[in-house]
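Trainee: Below you'll find the structure I mean.
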Amino acid sequence: MSEQVSGGAAAGVPATGAQSLIKSLESAGVRDIFGIPGGAILPAYDPLYDSTRLRHILVRHEQGAGHAAQGYATATGRVGVCMATSGPGATNLVTPIADAYMDSVPMVAVTGQVASSAIGTDAFQEADIRGITMPITKHNFLVTDAAEIPRTIAEAFHLASTGRPGPVLVDVSKDALQARTTFLWPSELHLPGYRPVVRPHAKQVREAARLILESRRPVLYVGGGVIHAGADKELRVLAEMTGIPVVTTLMARGAFPDSHVQHLGMPGMHGTVAAVAALQRSDLIISLGARFDDRVTGNLDSFAPQAKVIHADIDPAEIGKNRYVDVPIVGDCREVIADLVVALQGEADAGRQGDYEAWVAFVAATKKKYPLGYETPTGGALSPQYVLERLGRISGPESIYVSGVGQHQMWASHFIGYEHPRTWINSGGLGTMGFSVPAAMGAKVGRPDTTVWSIDGDGCFQMTNQELATCAIENIPIKVAVINNESLGMVRQWQTLFYNERYSNTDLQTVAQRRIPDFVKLADAYGCVGLACDSPEDVDATITKAMEIDDVPVVVDFRVHRDAMVWPMVAAGTSNDDIKFARDLAPDFEDDDLAERRP
């Protein structure tokens with residue numbers, strides 16, 4: 073496959089391999105790099121010192137560099153870049169690379185490697201990072217010839233950003249960085265076998281339109297691919313044209329406005345009752361950029377038993393992987409949805425439209441009967457759901473919210489309203505604790521004029537909060553809301569429900585009435601502003617004060633009720649029909665006129 077490269081070929085310029093690498097990154101359009109120098113990558117840091125086009129942000133841990141690149145990429149839609157040295161520097165990038173692979177985040181990781189003559193000898197700080205990351209990268213390269221650096225970098229950025237986005241690793245040996253070469257940026261790329269299909273097949277689109285018109289209980293099941301494709305406007309046109317209910321996965325929050333009457337919320341293990349019920353009772357699932365993962369389907373054998381499936385995805389490997397598909401459509405979601413709109417409009421012009429009135433009434437009644445809610449704790453304790461509800465209202469839907477993993481992630485996905493794409497960033501597929509702070513840092517670098525909130529749990533926060541030092545020194549004023557329940561909350565919830573309240577190794581903080589650490593003092597030590605709140609009456613004032621501080625990072629320690637749990641919930645491996653919206657309460661769709669409204 074031959075692809076044009078923006079900028080075309082430059083005249084050959086004498087350079088070292090290191091200079092060629094930096095010029096290549098500049099030619100690829102890179103503006104910001106997150107990294108840490110070390111022995112094998114050190115030659116690249118010398119010409120980087122002279123670059124006027126690249127901003128290098130010195131992180132405190134390579135994992136932070138990788139997550140920052142993810143946050144940057146997800147917030148901006150551009151490729152995120154991180155850099156590390158060989159051995160432990162490279163292996164510290166493995167978690168964010170795996171995370172990016174699971175969530176289809178476009179990222180290029182550049183790592184140094186020992187000299188080519190030493191590869192395979194167990195040299196100091198040697199690790200086969202190419203072999204290690206082969207299962208978790210879209211592609212990876214080992215470069216031992218300085219002349220190959222520009223072409224390899226160009227290919228890496230093309231691969232990371234086209235088709236299904238993902239991480240690409242470029243490992244460069246130290247002697248290649250030190251060698252003399254000629255920098256020549258390629259005018260085109262030749263990638264035999266790499267042919268991502270963007271335009272959908274017209275016959276499949278027509279067949280999908282036919283199924284949509286024939287169905288009586290259709291659902292638009294929207295995944296992160298819609299956001300990657302920039303297809304939110306097309307999605308809204310399709311939804312409003314047909315009136316079909318919409319569910320958005322954890323990775324697709326913001327692809328369709330939460331305030332829209334057709335939106336049922338998030339499906340799956342901790343999804344809304346309405347979203348889960350709609351999928352379970354549907355006769356047609358129109359899957360757009362989603363992958364039928366286990367957290368959405370629950371027990372596959374009992375998932376949406378009466379539904380036919382239209383599955384549109386740019387990655388053909390995802391289609392039919394978990395669920396049988398009646399109409400497969402390979403293509404970019406934006407192109408697929410646009411073509412579906414044209415096909416359905418043609419049918420409407422000919423007098424053929426779907427009849428979903430009874431179905432829409434059913435899901436609307438379910439949504440009304442089982443809204444998201446929470447119990448207010450007794451004794452004046454602070455509810456985590458209330459904190460996030462107020463945070464979303466005060467900071468607003470234009471802000472970016474970057475979550476860690478656990479209970480706070482689920483509460484943030486539900487109780488903050490998302491109206492726009494790329495305003496909700498989280499670790500979905502891999503579920504990486506420690507994601508939030510560095511990813512928020514990257515998002516703020518990519519969109520410096522936008523308010524960025526890191527929403528973290530006290531467990532997640534203690535894994536990567538050292539990047540607050542980076543934020544303070546580099547003038548990256550993120551805001552951190554620590555939902556502090558003094559425990560590993562989601563694990564504790566499972567211990568409550570499934571392990572007879574035997575809380576083995578989930579208590580994090582309190583020792584003899586002392587909070588260890590004191591997050592307010594920790595924030596101050598990192599050059600940030602630290603605030604604390606443990607009363608519902610103080611929530612609004614505390615958030616407002618944090619919002620007024622724009623010159624340094626802010627950390628707010630919200631000391632919440634530790635026994636709050638995430639509801640609704642479908643226990644792992646069980647049927648979605650077994651969803652509970654409180655500990656001993658399951659929805660009953662038969663106890664009123666809902667049964668009569670069901671088609």
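Start counting the sequence shown at 73; every next residue gets the next number (my numbering). C-beta atoms are modelled at their ideal positions from N, C-alpha and C, and glycine is treated no differently.
1. Are the beta-carbon atoms belonging to M341 and M637 less than 8 Å from one another?
2. What residue from N212, S233 and G235 has the CA that sits closest to T224's CA?
3. Can you list, in chain order, the residues of its chain with a C-beta nearer than 6 Å to that of T438? Leave out the 5 residues immediately preceding and following it.
4. For my contact list, I527 and S499 are in at a C-beta cut-off of 8 Å; report their separation, rounded to the angstrom.
5. Give me whichever residues DSSP pairs with L214 in a beta bridge.
6. Determine, using beta-carbon pairs with one atom in the region 534-544 and one in the region 610-629, whether at least three such pairs fall under 8 Å.
7. I358 by DSSP, collapsed to three states: which one?
8. Where in the region 285-349 do unbroken runs of the alpha helix (DSSP H), each at least 4 residues long, occur, reported from the N-terminal end onward?
9. Let me check one thing: in DSSP terms, what residues is D579 bridge-paired to?
10. Quick one: using the 10 Å Cβ neighbour count with 16 as the cut-off for buried, is V414 buried or exposed?
11. Under three-state DSSP, which class holds G566?
12. Relative to the alpha-carbon of A218, which residue among I204, G326, G89 and T193 has its alpha-carbon at the smallest distance?
13. Entirely within the region 135-208 and at least 4 residues each: give me those alpha helix (DSSP H) ranges in chain order.
14. In three-state terms, what does DSSP make of T448?
15. What residue ranges within the region 475-549 form continuous beta strand (DSSP E) runs of no fewer than 3 residues, ordered along the chain?
16. Just confirm the distance between the C-beta atoms of I208 and A156, as a whole number of angstroms; I'd bet it's less than 8 Å.
17. At the level of alpha carbons, what is the spacing between S92 and H492?
18. Checking 8 Å against the spacing of the C-beta atoms, do I201 and T163 come in under that value?
19. Would you mind stating whether F364 and R325 have Cβ atoms separated by less than 8 Å?
20. For Q276, tell me which candidate among V215, L256, V381 and E260 has the shortest Cα-Cα distance.
21. Determine contact between the region 93-112 and the region 126-146, defined as no fewer than three beta-carbon pairs at a distance below 8 Å.
22. Using the DSSP secondary-structure output, state which residues sit across from K652 in a beta bridge.
23. Once DSSP output is grouped into helix, strand and coil, what is the label at P119?
24. By how many angstroms is the C-alpha of V402 removed from the C-alpha of P449?
25. Assuming the contact rule is C-beta atoms closer than 8 Å, G451 and G489 should be a hit. Round their C-beta distance to whole Å, please.
26. Where does Y473 sit, in a helix, a strand or coil, going by DSSP?
27. Leaving aside the five residues before and after P671 along the sequence, list all residues of the same chain whose C-beta is less than 7 Å from its C-beta, in chain order.
28. For the beta strand (DSSP E) holding V601, just list the boundary residues, first then last.
29. Tell me the residue span of the beta strand (DSSP E) that contains T253.
30. Are three or more beta carbon pairs between the region 542-559 and the region 126-136 nearer than 8 Å?
31. Could you pull out every residue in the same chain whose Cβ sits closer than 7 Å to the Cβ of A685, ignoring the five residues on either side in sequence?
32. Express the C-alpha separation of P237 and L460 in angstroms, rounding to a whole number.
33. May I ask you to list the residues that DSSP assigns as paired with R127?
34. If you count every other CB in all the chains shown that lies within 10 Å of the CB of P168, and 16 or more means buried, which is it?
35. Under the three-state reduction of DSSP, which class applies to L416: helix, strand or coil?
36. Using only the alpha-carbon positions, how far apart do S485 and F328 sit?
Mentor: In brief:
1. Sequence index remark: in the sequence shown, residue 341 carries index 269 (1-based). Sequence index remark: in the sequence shown, residue 637 carries index 565 (1-based). Cβ atoms of M341 and M637: not closer than 8 Å.
2. If you number the sequence shown from 1, residue 224 lands on position 152. Residue N212 is the option with its Cα nearest to T224.
3. As a first step, residue 438 is located in the sequence shown; it is residue number 366 there, counting from the start. Correct list, in chain order: A346 and A349.
4. Taking the first residue of the sequence shown as 1, we reach residue 527 at position 455. Taking the first residue of the sequence shown as 1, we reach residue 499 at position 427. That belief does not hold up - the Cβ atoms of I527 and S499 are roughly 12 Å apart, past 8 Å.
5. Here residue 214 refers to the residue found at position 142 of the sequence shown. L214 is bridged to D243.
6. yes
7. Taking the sequence shown and counting its residues from 1, the one referred to as residue 358 is at position 286. DSSP places I358 in strand when its eight states are reduced to three.
8. 296-300 and 304-314
9. As a first step, residue 579 must be located in the sequence shown, where it is residue number 507. DSSP, once it has assigned bridges, lists S559 as partnering D579.
10. For the purposes of this step, residue 414 is identified with residue 342 of the sequence shown, where counting begins at 1. Result: exposed.
11. By one-based count along the sequence shown, residue 566 stands at place 494. As written in the sequence, residue 566 is Trp, which differs from the Gly given in the question. It is helical.
12. On the sequence shown, residue 218 is found 146 positions in, with the first residue counted as 1. For A218, the nearest C-alpha among the options comes from G89.
13. 160-163, 166-174 and 201-205
14. By 1-based counting over the sequence shown, the position of residue 448 is 376. Correct three-state label for T448: coil.
15. 524-529
16. Taking the first residue of the sequence shown as 1, we reach residue 208 at position 136. Taking the first residue of the sequence shown as 1, we reach residue 156 at position 84. Rounded, the Cβ-Cβ distance is 15 Å, inconsistent with contact.
17. If you number the sequence shown from 1, residue 92 lands on position 20. If you number the sequence shown from 1, residue 492 lands on position 420. Each residue's Cα considered, the two are about 39 Å apart.
18. Translated into positions along the sequence shown, residue 201 becomes position 129. Translated into positions along the sequence shown, residue 163 becomes position 91. Cβ atoms of I201 and T163: closer than 8 Å.
19. What you label residue 364 is simply residue 292 of the sequence shown in a count that begins at 1. What you label residue 325 is simply residue 253 of the sequence shown in a count that begins at 1. It is not a contact, given that the beta carbons lie outside the stated cut-off.
20. Here residue 276 refers to the residue found at position 204 of the sequence shown. It is V381 whose Cα lies nearest to the Cα of Q276.
21. yes
22. The residue labelled residue 652 in the question sits at position 580 within the sequence shown. DSSP output for K652 lists M641 as bridge partner(s).
23. Taking the sequence shown and counting its residues from 1, one reaches residue 119 at position 47. The answer is helix: DSSP assigns P119 an H, G or I state.
24. Numbered from 1 along the sequence shown, position 377 holds the residue referred to as residue 449. Numbered from 1 along the sequence shown, position 330 holds the residue referred to as residue 402. The alpha-carbon atoms of P449 and V402 are separated by roughly 49 Å.
25. Counting from 1 along the sequence shown, the entry for residue 451 is found at position 379. Counting from 1 along the sequence shown, the entry for residue 489 is found at position 417. About 29 Å; that fails the 8 Å criterion.
26. Along the sequence shown, read from residue 1 onward, the residue named residue 473 stands at position 401. Y473: strand per DSSP, three-state reduction.
27. Counted from its first residue, the sequence shown places residue 671 at position 599. Interpretation of P671 is limited by its pLDDT of 36, a score under 50 that renders its predicted location unreliable; the figure taken from the coordinates is listed afterwards. Around P671: R288, R289, A430 and W431.
28. Translated into positions along the sequence shown, residue 601 becomes position 529. That run of the beta strand (DSSP E) goes V601 to C605.
29. As a first step, residue 253 must be located in the sequence shown, where it is residue number 181. That run of the beta strand (DSSP E) goes R252 to F255.
30. yes
31. With the chain running from 73 to 671 in the structure shown, residue 685 is simply not present.
32. In the sequence shown, counting from the first residue as 1, residue 460 sits at position 388. In the sequence shown, counting from the first residue as 1, residue 237 sits at position 165. Rounded to whole angstroms, L460 to P237 spans 31 Å at the Cα level.
33. Indexing the sequence shown from 1 puts residue 127 at position 55. DSSP lists D104 as partners of R127.
34. Position 96 of the sequence shown, counting from 1, holds the residue named residue 168. Burial call: buried.
35. Here residue 416 refers to the residue found at position 344 of the sequence shown. Helix at L416.
36. Taking the first residue of the sequence shown as 1, we reach residue 485 at position 413. Taking the first residue of the sequence shown as 1, we reach residue 328 at position 256. Roughly 13 Å between the two C-alpha positions.
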